[in-house]
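A short write-up of the structure that comes next.
Number of protein chains: 2
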Amino acid sequence: MKVLVLVSGGIDSSTALAMAVSKYGKENVYALSVIYGQKHDREIEASKKIAGFYGVEQHFIDLSFIFKDSGSSLLKSSEKEIPSGSYARQKDNDTDLSFGEKKENAGTELISTYVPFRNGLFLACAASIAQSKGCSVIIYGAHADDAAGSAYPDCTPEFNAAMDRSIILGTGNEVHIEAPFVNITKADIVKRGLELKVPYEYTWSCYEGGEKPCGKCATCIDRSKAFAKNGAEDPALKRS
Amino acid sequence: MKVLVLVSGGIDSSTALAMAVSKYGKENVYALSVIYGQKHDREIEASKKIAGFYGVEQHFIDLSFIFKDSGSSLLKSSEKEIPSGSYARQKDNDTDLSFGEKKENAGTELISTYVPFRNGLFLACAASIAQSKGCSVIIYGAHADDAAGSAYPDCTPEFNAAMDRSIILGTGNEVHIEAPFVNITKADIVKRGLELKVPYEYTWSCYEGGEKPCGKCATCIDRSKAFAKNGAEDPALKRS
Numbered sequence: 611m612k613v614l615v616l617v618s619g620g621i622d623s624s625t626a627l628a629m630a631v632s633k634y635g636k637e638n639v640y641a642l643s644v645i646y647g648q649k650h651d652r653e654i655e656a657s658k659k660i661a662g663f664y665g666v667e668q669h670f671i672d673l674s675f676i677f678k679d680s681g682s683s684l685l686k687s688s689e690k691e692i693p694s695g696s697y698a699r700q701k702d703n704d705t706d707l708s709f710g711e712k713k714e715n716a717g718t719e720l721i722s723t724y725v726p727f728r729n730g731l732f733l734a735c736a737a738s739i740a741q742s743k744g745c746s747v748i749i750y751g752a753h754a755d756d757a758a759g760s761a762y763p764d765c766t767p768e769f770n771a772a773m774d775r776s777i778i779l780g781t782g783n784e785v786h787i788e789a790p791f792v793n794i795t796k797a798d799i800v801k802r803g804l805e806l807k808v809p810y811e812y813t814w815s816c817y818e819g820g821e822k823p824c825g826k827c828a829t830c831i832d833r834s835k836a837f838a839k840n841g842a843e844d845p846a847l848k849r850s
Numbered sequence: 611m612k613v614l615v616l617v618s619g620g621i622d623s624s625t626a627l628a629m630a631v632s633k634y635g636k637e638n639v640y641a642l643s644v645i646y647g648q649k650h651d652r653e654i655e656a657s658k659k660i661a662g663f664y665g666v667e668q669h670f671i672d673l674s675f676i677f678k679d680s681g682s683s684l685l686k687s688s689e690k691e692i693p694s695g696s697y698a699r700q701k702d703n704d705t706d707l708s709f710g711e712k713k714e715n716a717g718t719e720l721i722s723t724y725v726p727f728r729n730g731l732f733l734a735c736a737a738s739i740a741q742s743k744g745c746s747v748i749i750y751g752a753h754a755d756d757a758a759g760s761a762y763p764d765c766t767p768e769f770n771a772a773m774d775r776s777i778i779l780g781t782g783n784e785v786h787i788e789a790p791f792v793n794i795t796k797a798d799i800v801k802r803g804l805e806l807k808v809p810y811e812y813t814w815s816c817y818e819g820g821e822k823p824c825g826k827c828a829t830c831i832d833r834s835k836a837f838a839k840n841g842a843e844d845p846a847l848k849r850s
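Residue numbers (my numbering), protein chains in the order written: chain H, 611 to 850; chain R, 611 to 850.
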């Protein structure tokens, strides 16, 4: 059986890739990496290192044209600054982090780093490409922390189940989704990855596009905590 | 309220656009047209004529890079010929029309003109762009004939409902789908369009890329029948 893994170059997808290679064998694993206009395009370089380490075929697609008008602070096309601090703090205290200009109709509280329907679009592309390539499973690293408090509505178990059903139905039952981390935390992901000896020193999560991780943005803080909970140090921060 | 209409340049989406303009006003309607490597790229020209006729803003995206390895006979990247005859006949009698090279694992019978998860991907792009542009509804023209016998699994009411749920959840309840034709036939669509005086002479449906509609392919036959059932003649065939 062949599988397609969405590989961003961060911790979650790198661990998902390691698990897929361990389960299916590297010759049956196809890595899909998406350029979407992110400021932190160093993660694309990281994804190459990770895919290279595991010896899997990797394919890149560029979707930046879809998101160029989104106003997400995560993107080069936006002049907004990426807020510092963890996601949890952003949700609790900040009031100026809602998405785009649509505050008036947002019962939801989408934070400024939200990219419109990003995971839905990534999964839809993955479904089209998986079916073209004869892969019957799409594996991706959405996890419980990102879904917490609906900070990212496209990371929840409910969203994942709906997309899975859409893809099963829409591909005539040839492709489905596996999201092995959808109910677990980043700390649990790191635990599994440390057991599998994932080369986390190659990964990149920082939302800023600097030479080294900033150590202050949401992802830097969250990944650092995830290592700490496992009694380990983040090798990416060590590197810097 | 602003809406996004997927406009291909064929009969179904042109009628959907006419209904949307009539209901919401042209200043609130945004047309999205997708280039996906189709042999019949004359439909893109048709979509421009239709959007121009209704005076709505139109945006194009090119997704051909996603489908280039799909082997679908509908695409320039495939050397397969588009089969002639109506969809119904293809499903009933032909044995050589399954999708790509994956016959062995296909309990489904995907026909050669199937493009992997095409509608799913179009709707996902539409969701990202709709949310970026402040549109709260995506309107598209999937209809019962295309879904018949699961010829196109990504045209069924079940698929549509699953994608609608995915988009509602994934956009934090800001965007949803309306598929006004999902339970009606092409003949019923033409009936509504004739009432709204849709300029069907501008539309293009033929699967071949010729100067004029071939009159023999699945879509030519099916649209001709849809007009006949309304006691009308297809103005596109008249033109030729």
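Ideal placement from N, C-alpha and C gives every residue a C-beta, glycine not left out.
Per DSSP, R/ALA842 lies in no alpha helix (DSSP H) segment and is marked neither H nor E.
H/PRO763 has a beta carbon lying within less than 8 Å of a beta carbon in chain R.
Contact between the stretch 830 to 842 of chain H and the stretch 722 to 733 of chain R is absent: fewer than 3 CB-CB pairs across the two stretches fall below 8 Å. Among the residues of the stretch 726 to 737 of chain H, those with a Cβ less than 8 Å away from any Cβ of chain R are PRO726, PHE727, ARG728, ASN729, GLY730, LEU731, LEU733, ALA734, CYS735, ALA737, in the order of the chain. Taking a beta-carbon distance threshold of 8 Å, R/GLN741 counts as an interface residue toward chain H.
H/LEU733 sits away from H/ILE692, with the two beta carbons spaced by 8 Å or more. In this structure H/PRO767 is not in contact with R/THR781, their Cβ atoms being roughly 17 Å apart against a cut-off of 8 Å. Restricting attention to R/ILE660, R/ASP774, R/GLU655, the CA atom closest to the CA of R/VAL631 is found in R/ILE660.
Taking 8 Å as the CB threshold, H/ASP679 lines the interface with chain R. Judged by pairs of C-beta atoms under 8 Å, the stretch 611 to 631 of chain H touches the stretch 639 to 653 of chain H, as three or more such pairs exist. Interface annotation, H/THR723: not in contact with chain R, CB-CB separation never under 8 Å. Contiguous alpha helix (DSSP H) elements confined to the stretch 728 to 754 of chain R occur at 728 to 743, taking only those with 4 or more residues. H/SER643 is outside the set of residues whose beta carbon lies under 8 Å from a beta carbon in chain R.
Non-local beta-carbon contacts of H/ASP679 in its own chain, meaning distances under 8 Å to residues more than five positions away in sequence, involve SER687 in chain order.
Within the stretch 631 to 658 of chain H, the complete beta strand (DSSP E) runs of at least 3 residues fall at 639 to 645. For H/PHE769, the enclosing alpha helix (DSSP H) starts and ends at 767 to 780. Annotated as distal: R/ALA846 and R/TYR817, with beta-carbon spacing of 8 Å or more.
Note on H/ALA626: 16 or more other CB atoms within 10 angstroms of its CB, so buried under the neighbour-count rule. The beta-carbon separation of H/ALA789 and H/ALA752, rounded to 5 Å, stays under the 8 Å limit for a contact. The beta carbon of H/ASP756 sits closer than 7 Å to the beta carbons of TYR762, CYS765 from its chain, once the five residues preceding and following it are set aside; these are given in chain order. With a 10 Å radius around the Cβ and a threshold of 16 neighbouring Cβ atoms, R/ALA828 comes out buried. About 14 Å separates the beta carbons of R/LEU806 and R/ALA842, which is beyond the 8 Å limit, so they are not a contact pair.
For a Cβ distance threshold of 8 Å, nothing in chain R lies close to H/SER687: the least Cβ distance comes to about 10 Å. Distance check between H/MET611 and each of H/LYS649, H/GLU784, H/ASP844 places H/GLU784 closest, using alpha-carbon atoms only.
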